[in-house]
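Numbering (our numbering), first residue to last: 671 to 1516.
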């Protein structure tokens, strides 16, 4: 074994360029994967890793849950959602420190600990920041918020802030709507989140009844807190977070679902196969260069097995070196990127088992890539090589029957796979891809017959590619696999985007500004309306009203949708109450027919899904109570909104007044697009904290970045596979180029031959890959648009339940760029940078 390793090491050092190329091909996937794994492991702060920012040096954190009894704990603070072990509230939970202490170990000490958010006055209005109320001077808070500068607050009018607040020591800030003035005396830092904007002060200073998320305490118990302590708290509606409960949450994260395991297996196989297909020709180049040395070994008694083992050892050495270097670099890169790309950073952590698995994948890829050259090494004729003649060993035509069977099996598996998850589509397509890899040598032989119609130089290039079918097949298969993946993903993403765009729904037309203050009293709304007019001078505003009952309570108004409207959303469309001005905002013009209907007391519907024989069914409920539910019908007409996808209903105020409901104005609309919606919102929050500002921007998702990434990935893989094969062809063609030059061919002929061969390799691989990616792409589109079809994108980009047909959209620009553009680019680059130095003509031994 030592001799084999020594031979491989010497050969690797002798051909440094080829060695570097192979190591890059094998090591790049290892580098990327280990970097991502290390980055994710370090940046992802689990509950147990970040427990110090929750507990400090305390043994237990106690919080009220709002439930009479907590049936289970999970998540960050252990508050379970309804339906997962928690019971609905029946009685008030313990809220005093004495009641909490009665549930803890005797001798426990408690201090207050509350968290939430607080409004801080800025130059432009109010801003919400995270707020923490705790005495940081207490030893129990040690490590919770380390002091960076200054000192901890020592009085109710003092606070500490994080660096992200960009306040200096000595600054005075106003908190809450009451305008409490507090002084910044210290700068503290969340130990795991450098980007958090937070203010820390004494209890009762920052949080108010509206915003506080429940009373809480930190407890110092005589002995470490256990699950028994937590369960005693759960019995009275309290939750207890301790290091024990945090570790149990971490242990529950370890299992992986079947789809995750299948997805990882498919990803590993695809990465390994692409690496083998790309690196295989590079090993073949090495085989050509050391053919004489191997022939000498064979002439001195070396067997075919010895030659194969020598070449396989090359794969082991280069694969191992590449995996080692890439693994170390990936780990270092992942750790270095955490502070640059993430505000969240836990303890430096390397997933050693995962990294070892990825490095083993690299070593295996190197050995697998050397298998075909190893087989070829065993077939070569030592006498022909030593005599300087070309090796006469013929390349096999692959296994077309096996390939055809696998292709049919892959298509059948893709079609018959339950269309419920994308991972199963990719898993089924692996069979078809393997079949195409087996068919590629036959496809090369078949398409090579078309070369007779090409000009001389490209014809020679194609014939050379067909003559060296094994070398060509590897490059074509690598291009095919990359192209198939890009086309499959492109069809799926484009189809999902087309389905979401077609089902986009909004309550107002594109370009409509809505300003509301739900829950505000009359005085607050008057201030808000005045502020709106000051900030939007000269802009026509249209009022919208909300119904109220006789006691002044807000009532919900809904339009009931027809059950037989299959392509419609299951929830009712939005209902607006307004006059002619709001109608013109909704339509973007004056519509005499719709205006006349609204004046007559009829509703205007911007979608037929709620109409039956010209009548609209409305429902009004007060505080969600079915006992106070009112249903009635009114006449309505259908009108066209200013933009497609608007599904709301406009009801005239007189209709609700006739049913005994009052109206109050809490919303205004305008056909106006402010330059900075966030800035406008900040200015208006000075008038009321309940202000909401939203600009309907239409369907806002953009998949161009995804398409660029797909084309870029295909570009790298296509050009890489093509150029490696072209470099090998250039080495093989040197005697032929010498002959061509001797009979008077111009110097550019060699470049044209290699350009034609590069275009042929990339073109055949891209064309077959596009066809191969179409079948799983359609299946993927079916899955992804079925998922989109279960929802409809609304104006807030939220998703609402829906039923509709699936959508298949082909990204022709992507397909054209890959199938036509990349082969042309490969031919141009190969022709421009090809090395075509011809050997001098020599007499060869016969």
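No residue lacks a Cβ here, since even glycine has one placed at the ideal position from N, Cα and C. Bear in mind that the values here come from a model prediction, so they are computed numbers and not experimental data.
Relative to the alpha-carbon of residue i, which residue among the options has its alpha-carbon at the smallest distance?
i	options	result
residue 1091	673, 699 and 1452	1452
residue 1186	1180, 1194 and 1179	1194
residue 713	1246, 1083, 1008 and 824	1008
residue 1394	684, 690, 726 and 939	690
residue 1105	1074, 1123, 834 and 1128	1074
residue 1334	907, 1189 and 743	1189
residue 1482	899, 702 and 1447	1447
residue 1275	1305, 783, 1290 and 1300	1305
residue 1420	1400, 1433, 1196 and 700	1400
residue 624	1281, 1307, 1442 and 1246	Absent from the model: residue 624. The displayed extent of the chain is 671 to 1516, so no value can be given.
residue 995	1226, 701 and 1343	701
residue 1501	1128, 1177 and 1311	1128
residue 1270	1244, 1321 and 1102	1321
residue 775	892, 824 and 867	892
residue 773	907, 785, 694 and 824	907
residue 1069	777, 1078 and 1112	1112
residue 858	1358, 1277, 836 and 728	836
residue 1315	1203, 1222 and 1178	1178
Which partner residues of residue i appear in the DSSP bridge assignment?
i	result
residue 1305	1285
residue 1333	1217
residue 850	845
residue 1092	In the DSSP output, where bridge partners are listed per residue, residue 1092 has none listed.
residue 1023	Answer is none; residue 1023 lacks a bridge partner.
residue 887	732 and 782
residue 1184	1339 and 1364
residue 1290	1227 and 1300
residue 908	734
Near residue i, which residues of its chain fall below 7 angstroms by C-beta distance, leaving aside the five closest residues on each side in sequence?
i	result
residue 1487	1381
residue 633	Beyond the ends of the chain as shown, which are 671 and 1516, falls residue 633; an answer cannot be given.
residue 939	1100
residue 822	806, 807, 830 and 856
residue 1296	Residue placement at residue 1296 is flagged as unreliable, the pLDDT there being 47, under the threshold of 50; the coordinate-derived value follows with that caveat. Cβ within range, chain order: n/a, list empty.
residue 1132	1118, 1121, 1124, 1426, 1427 and 1430
residue 1418	none
residue 1432	1149, 1388, 1392, 1492, 1493 and 1496
residue 1215	1247, 1248, 1323, 1333, 1334 and 1335
Return the chain-ordered list of same chain residues with a C-beta closer than 6 angstroms to the C-beta of residue i, the five sequence neighbours on each side being excluded.
i	result
residue 1435	1146, 1149 and 1150
residue 1390	948
residue 1460	Reliability fails at residue 1460, whose pLDDT of 43 lies under 50, so the model's placement of it is uncertain and the value that follows must be treated cautiously. Nothing meets the Cβ criterion.
residue 965	1052, 1055 and 1056
residue 1144	947, 950 and 951
residue 1524	Residue 1524 lies beyond the residue range present for the chain, which begins at 671 and ends at 1516; the question has no answer from this structure.
residue 705	1000, 1003 and 1004
residue 1020	708 and 1001
residue 1028	700, 703 and 704
Measure the beta-carbon distance from residue i to residue j and round it to whole angstroms, keeping in mind my assumption that it falls under 8 angstroms.
i	j	result
residue 905	residue 810	Contact doesn't hold; Cβ gap of about 24 angstroms is too wide.
residue 1035	residue 942	5 angstroms
residue 725	residue 911	7 angstroms
residue 1072	residue 1108	5 angstroms
residue 1158	residue 1437	With 8 angstroms as the limit, residue 1158 and residue 1437 do not qualify as a contact, their Cβ atoms being about 15 angstroms apart.
residue 696	residue 896	In fact, because the Cβ distance is near 50 angstroms, the residues do not count as touching under 8 angstroms.
residue 1264	residue 1212	That belief does not hold up - the Cβ atoms of residue 1264 and residue 1212 are roughly 14 angstroms apart, past 8 angstroms.
residue 1136	residue 1115	6 angstroms
residue 1273	residue 1218	With a Cβ gap of about 19 angstroms, residue 1273 and residue 1218 do not count as contacting.
residue 1478	residue 1440	That belief does not hold up - the Cβ atoms of residue 1478 and residue 1440 are roughly 15 angstroms apart, past 8 angstroms.
Short of 8 angstroms in beta carbon distance, which residues of its chain neighbour residue i, apart from the five on each side in sequence? Order them along the chain.
i	result
residue 1046	954, 957, 1063 and 1140
residue 685	956 and 959
residue 849	791
residue 1084	1095, 1098, 1099, 1102, 1445, 1446 and 1449
residue 1037	982, 985, 986 and 989
For the ligand NAD, any of its heavy atoms closer than 8 angstroms to the Cβ of residue i?
i	result
residue 1193	With respect to the ligand NAD, the structure shown offers nothing to examine, as it has no ligands at all.
Check whether the segment 1006-1015 touches the segment 860-874, taking contact to mean three or more Cβ pairs, one atom from each stretch, closer than 8 angstroms. As far as the Cβ criterion goes, the segment 1006-1015 touches the segment 860-874, which means the pair count is three or higher.
Kindly confirm or deny that the segment 1250-1267 and the segment 1284-1292 touch, where touching means at least three C-beta pairs closer than 8 angstroms. As far as the Cβ criterion goes, the segment 1250-1267 does not touch the segment 1284-1292, which means the pair count is below three.
Are the segment 1326-1339 and the segment 1171-1189 in contact at 8 angstroms, needing three or more beta carbon pairs? Yes, the segment 1326-1339 touches the segment 1171-1189.
Count the CB pairs spanning the segment 985-1003 and the segment 1025-1034 that are closer than 8 angstroms, and state whether there are at least three. A contact exists between the segment 985-1003 and the segment 1025-1034.
Using a Cβ distance threshold of 8 angstroms, determine whether the segment 1345-1353 contacts the segment 791-802, with at least three qualifying pairs required. The segment 1345-1353 makes contact with the segment 791-802, as at least three CB pairs between them are under 8 angstroms.
Indicate whether the contact test is met: 3 or more Cβ pairs, each with one atom in the segment 1319-1330 and one in the segment 1160-1173, closer than 8 angstroms. Remark: fewer than three beta-carbon pairs, one from each stretch, lie closer than 8 angstroms, so the segment 1319-1330 and the segment 1160-1173 are not flagged as touching.
Between the segment 774-782 and the segment 830-845, are three or more C-beta pairs nearer than 8 angstroms? Contact fails: fewer than three Cβ-Cβ distances are below 8 angstroms.
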